[in-house]
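Trainee: Quick one: structure below, then a few questions.
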Amino acid sequence: MKTPVSWIREYVDLPADLTTEALAAELTDLGLKLEAIEKPGDQITGPLVVGRVLTMEPEPQKNGKTINWCTVDVADANGTGEPQGIVCGAHNFAPGDLVVVVLPGGVLPGNFAISARKTYGHVSAGMICSAAELGLGEDALSSGGGIIVLPEDAGKPGESAFGVLGLDEEVIEFEINPDRAYALSLRGVAREAALAYDASYTDPTQRDVPPADDQGYPVVVDDPAGCPVFVARTVSGFDPAAPTPDWMVQRIQLAGMRPISLAVDVTNYVMLETGRPIHGYDADKLQGPIRVRRAREGERLTTLDGTDRALSTEDLVVTDDSGIIGLGGVMGGEATEMSETTTRVLVEAAHWDAVAMFRTGKRHKISSEAGKRNERGVDPTICEAAADRVVELLTTYGGGTAEPGVTVVGTPPERTTITIEADLPARVTGMEIDPATTIRHLRAVGCEVAEDGTKLTATVPPWRPDLVDPFDLVEEVARVVGYRNVPSVLPTPGAGRGLTREQRLRRRVGRTLAGAGCVEVVSFPFVGDAAFDQLGLPTDDPLRNTVRLANPLSNEEPAYTTTLLPGLLKAAARNVGRGASGVALFETGTVAFPSDRGAAPIYGVDRRPTEEELAALLDALPAQPLHLAVVLAGERERAGWWGEGREAGWADAIAVVRRLASDLGVAVTVEADARMPWHPGRCARVLVEGTEIGRAGELHPKVCASFGLPKRSAAVELDLDALLRHAVDVVPAPEFSTYPVAKEDVALVVDDSVRAADVEAALREGAGELLESIRLFDVYTGEQVGQGRTSLAFALRFRAPDRTLTEDETAAAREAAVARAAELTGAQQRS
Amino acid sequence: MSGPNTDYDPVEVTPLKPEEVESARDAALAAIAAATDLAELKQVRIDHTGDRSPLALANREIGALPPQARKEAGQRIGRARGAVAKALGERQAVLEVEHEERMLAEETVDVTLPTDRVPAGARHPLTTGAELIADIFVAMGWEVAEGPVIEAEWLNFDALNLGPDHPARTMQDTFWTDPQDNGVVLRTHTSPVQARTMLTRTPPIYVVCPGRVFRTDEYDATHSPMFHQVEGLAIDEGITMAHLKGTLDHFATSMFGEGISTRFRPSFFPFTEPSAEVDLLCFVCRGAGELDGARCRTCRGEGWIEWGGCGVVNPRVLTACGVDAERFTGFAFGMGIDRTLMFRHGVEDLRGFFEGDVRFTTAFGSEL
Ligand SMILES: [Zn+2]
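Taken in sequence, the protein lines are chains A and B. When we follow numbering that gives the first Met the number 0, the leftmost residue of the first sequence carries the number 0, and every step to the right adds one. When we follow numbering that gives the first Met the number 0, the leftmost residue of the second sequence carries the number 0, and every step to the right adds one.
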């Protein structure tokens, strides 16, 4: 809401020396948030004066343009009184016109300094200004974007042009919250200013209006709930060519609207002034009585924006004998729109149900100044005053006469009353507010207040439909007392239980991965088929079954993702594209799988849902497990003076999983798997207690290529919730022996198809209790072991808890281990 | 060097003559002094104290002396051998020190060589930032509550006094899941976590709820379809706006330093009444709006930074969530984590958080 300060002052007796900044700050403290202060003339300095064009010689130029060599009377403003010679390229003015002239020494917006200069064979001493050059809207003073031609009564040559152009105006733009619809008017803003400065206030809607009679235009309201009040007045003999007075054009422009024609401008002006949207009809186009009702199935209307709309049975419509002529309170119809030939105007000032307005606006995606006010709630008692004001302005400036009839259908709704304990504002705000203060402030905002013992009953003013609950009154009192007076007191909660175990575990996960050299990323969870295709997922892959969005930002990514990999791989590729030779990234985030359990119910809010209702609600939500994904692409270890660097590969991915599992105290196992997007021979399924929790390994070469990642990039994706569920709770103390260790190495040759983990398990089993640890330290393939065979070298450490092992004992354990490996895996000891 | 004594002469045993002994001792001492490294000294030790050394051989001759001469000869040899052993020991110590010094000198490396074989990892500033905030509240006895990002429409809106026709329901441009009437949205704020907490716990409740939220904003330097919020909720007997102010002041001080406080401006949120916007005293210019004569960039010269929204929990919300609104009052607040970190660290473009460029994130690796 843009409010010219001079307009506010018209209704409030504010201190003369009050600055716009101070006023804006005070109003912000009351709840009208300052958005911006505009001072249109702020960027213009120096002599900007009214001038009269004396002569104007067109001079064609070689470049095809014609310039005008003008002399302009600026009286003594140039210090000499001689006519000022000015070259002007525009043509939309003539000798005798009053124009705006900036003289040498002036500065226009954009820090454009004006000086006398030679051009087109003349010395041009100044400039005849257009609206754009002055930083004004192109509609300023109906200039149409060209040179501003001032009306004859605008001023005398040589006088400052600041006032006539509105350049000395200051405008405060407020961001009006939805509950303060009354402040979408000068009436409301001025009332708040009066409240802020305890100043006297004149309500622009306080006027004597002619009484209702049955001589006015016939109106029937079939739906009084949707349209409680409908006021109609008629002006005839109106001159459609009559110009809008400049002061009104200026105020409409300063308020951020566009002037259009006198009839339209007047309705907008009165809306800005009173907050009450007005609709004007071309009365000669109306056929028979006006009727307000809900639309019927299948009805349509072409609104004045030219859109043909299918109406809903919830829409409130205005009709006449020809059919529907307007979407009540939201937008008029084309057929009865006022035009340049309209001489008889029917003025509608109607009060509409805010919810209906909101729904119709939303349904038809119409956002208008009228709709914005009607859907938030307008004072229902000012329809007659607003209509009368429109009639006054139309007849004053358009030359018509008010027809005698006054149609008023319906009565404003009852005013709301709210009863509170007098100490409620003090109890809720923590400020010291006594009942007398509460009463005073409630009255200051327009409530009538009755006292009854400790209770206060407030009858709220009709312009405040937002005041409904006791706490609404608390806010009114609090804002007048001033939020700055709220004391600062720390509450004293009881002992808290700290972070939950899961919260602490998640922190551990991040620290472990960062410690392993991985950088955390946060990416958007939106995904589309293209990403699944990039991952090479088969068409029936369960990951393609997504929770879809009804209104995605991009149709390319219309779903909530089921895997973190697309976002992560794109981030990795972005880093590589920006020159990283290697990148290790991780992300934790929720993914979603559809529930297919139907819609989530919407309950009332007058009570808590029952446990069953709540369970049904939660049950309808998609499963949203927390996932962890890691990508290791390109250089994993750098080359340096220590030697070669190393590219990431499948083993790095599995190592990350093992390290994380180890840090969480979870025993994970891996087994071979083959599933996209991984390399079919280099993909590990990760299991905890036999349950699969994810995969790790090298990405499929096609996937690396499609994301633009280095060859052999590796990735992990785990169900982190599942992993964390198995995290060790209380670590049992380890037991270990301090007797000497006995070390034995064995090299076993197996078929290529035999898994190292199986050989290790067999050795472990065969070695028995004396085995302390076992570690695979070398893998060899080649001539010495033969085609299709692999040699695996294990280091075994034996130790007894209670004695030093003899050589015989160690050897026996070793032999048993080898024997078991031979039995279970066909391993042969390498000679 | 004398060989074995074949010419037996019990009186005149040449090696035991004092001058012979002294000569052998002096030769040994000279050799010890002349040894320049441990290897040479080792040879000297063999030559002059070994089994075949003059003093060892002389010692062996003592038995051939008449008993009355043995003592004197024994003492003479013993003194000589003692002197040699002592000199050896001293020389050994000196040479060992020299040797170690030389070794260490030889092993000198250029300690300025790089050591960054494995590049460093880092957690994301949004993660560490959310943890910092959580820790501030946990230290006050609060707990951290969480909930799903794909949320029931009823919990995201209705339960929070944002009814189907509430104007604010359109202010928050919501991602709806398909079909739009199935009552499931991407949460537009973390407030549904507050609703869940009230629905499942009994007061007193003091929880802080950090998390991801979604709005259908186009992606630019200051807007993102996904961002992060932290909200707080306190429900107890006798809770007032003053407790809200005290909590936010403490939060501001903990996060931005001593003396950094907050101020309230009236505002509107459906789930709170009275409602306020909360501004943070600019921690850079400390409210002055300027710094060294230039306009403060952090607060754009305002002296205050818009931080978030807050208010007293609307009793309608308490009722919908099963809290006795006659007995309990509460306050709630919420602010953007991303935005808070942007002005705390001077991040110019919100997109930096979501691009995944490791240069951005690793810079925050030292955040606590
Ligand atoms: Zn500042």
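For each residue, glycine too, the CB sits at the ideal point set by N, CA and C.
(1) Is the shortest distance between the beta-carbon of L663(A) and the beta-carbons of chain B less than 7 Å?
(2) Rounded to the nearest angstrom, how far is the Cβ of P177(A) from that of F267(B), given a contact under 8 Å?
(3) What would DSSP say about W153(B), mapped onto helix, strand or coil?
(4) Taking only three categories from DSSP, how would you classify I234(B)?
(5) Any residues whose CB sits closer than 5 Å to a heavy atom of ligand 1? List them in chain order?
(6) For the stretch 435 to 454 of chain A against the stretch 244 to 260 of chain B, are there 3 or more C-beta pairs whose distance is under 8 Å?
(7) Say whether the stretch 120 to 130 of chain A touches the stretch 73 to 93 of chain A, bearing in mind that this needs 3 or more beta-carbon pairs closer than 8 Å, one atom from each stretch.
(8) Measure how close the beta-carbons of R206(A) and R478(A) come, nearest whole angstrom, since I'm counting them as under 8 Å.
(9) So with Cβ pairs under 7 Å, would you call K244(B) a contact of chain A?
(10) Taking only runs of the alpha helix (DSSP H) that begin and end inside the stretch 405 to 475 of chain A, which ones reach a length of at least 4 residues, in chain order?
(11) For the stretch 530 to 542 of chain A against the stretch 560 to 578 of chain A, do three or more pairs of beta-carbon atoms, one drawn from each stretch, fall closer than 8 Å, so that the two count as touching?
(12) Taking the continuous beta strand (DSSP E) assigned at L253(A), which residues delimit it?
(13) Could you give the distance in angstroms between the alpha-carbon of V655(A) and the alpha-carbon of E519(A)?
(14) Find out if the Cβ-Cβ distance for the pair D222(A), R295(A) is shorter than 7 Å.
(15) When DSSP labels each residue in this structure, what does G157(A) get in the three-state scheme?
(16) Under DSSP, the alpha helix (DSSP H) around A349(A) begins and ends at which residues?
(17) Is any beta-carbon of chain B found at less than 7 Å from that of F470(A)?
(18) Nearest-angstrom Cα distance between I36(A) and H626(A)?
(19) Where does F353(B) sit, in a helix, a strand or coil, going by DSSP?
(20) Using three-state DSSP, classify I304(B) as helix, strand or coil.
(21) What do you reckon, are the CB atoms on E172(A) and E34(A) nearer than 7 Å?
(22) Per DSSP, which residues does L290(B) bridge with? Please list them.
(23) From this set, V467(A), S580(A), G145(A), which residue's C-alpha is nearest A130(A)'s C-alpha?
(24) Could you tell me which residues DSSP pairs with N67(A) in its beta bridges?
(25) Looking at the structure shown, is V322(B) part of a helix, part of a strand, or coil, going by DSSP?
(26) When burial is assigned at 16 or more other CB atoms within 10 Å of the CB, is K85(B) buried or exposed?
(27) Residues of the stretch 421 to 432 of chain A with a CB closer than 8 Å to any CB of chain C: list them in chain order, please.
(28) Put H678(A) into one of helix, strand or coil per three-state DSSP.
(29) Considering only their Cβ atoms, is the gap separating A194(B) from C320(B) smaller than 7 Å?
(30) If you draw a straight line from the C-alpha of A599(A) to the C-alpha of R414(A), how long is it?
(31) Report back the beta-carbon spacing between A726(A) and V687(A) to the nearest angstrom; my notes put them in contact at under 8 Å.
(32) Under 7 Å, do G50(A) and L166(A) count as touching if we go by C-beta distance?
(33) Which chain B residues are close to E9(A), counting only those with a beta carbon under 7 Å from its beta carbon?
(34) Going straight from the alpha carbon of I438(A) to that of V188(A), what length do you get?
Mentor: This is what the structure holds:
(1) no
(2) 6 Å
(3) helix
(4) strand
(5) C281(B), V283(B), C284(B), C295(B), T297(B), C298(B)
(6) no
(7) yes
(8) The pair is not a contact, with the Cβ atoms about 29 Å apart (cut-off 8 Å).
(9) yes
(10) 423 to 428, 434 to 443
(11) yes
(12) That residue, L253(A), is in no beta strand (DSSP E); its alpha helix (DSSP H) goes 245 to 253.
(13) 14 Å
(14) no
(15) coil
(16) Unbroken run through A349(A) is the beta strand (DSSP E), 344 to 350; no alpha helix (DSSP H).
(17) yes
(18) 49 Å
(19) helix
(20) strand
(21) yes
(22) A293(B)
(23) G145(A)
(24) P57(A), C87(A)
(25) coil
(26) exposed
(27) Protein chains in the displayed structure are A and B, and chain C is not among them.
(28) strand
(29) yes
(30) 37 Å
(31) Going by Cβ atoms, the distance from A726(A) to V687(A) rounds to 10 Å, so no, they are not a contact pair.
(32) no
(33) Per Cβ cutoff of 7 Å: no residues; E9(A) is ~25 Å from chain B at best.
(34) 22 Å
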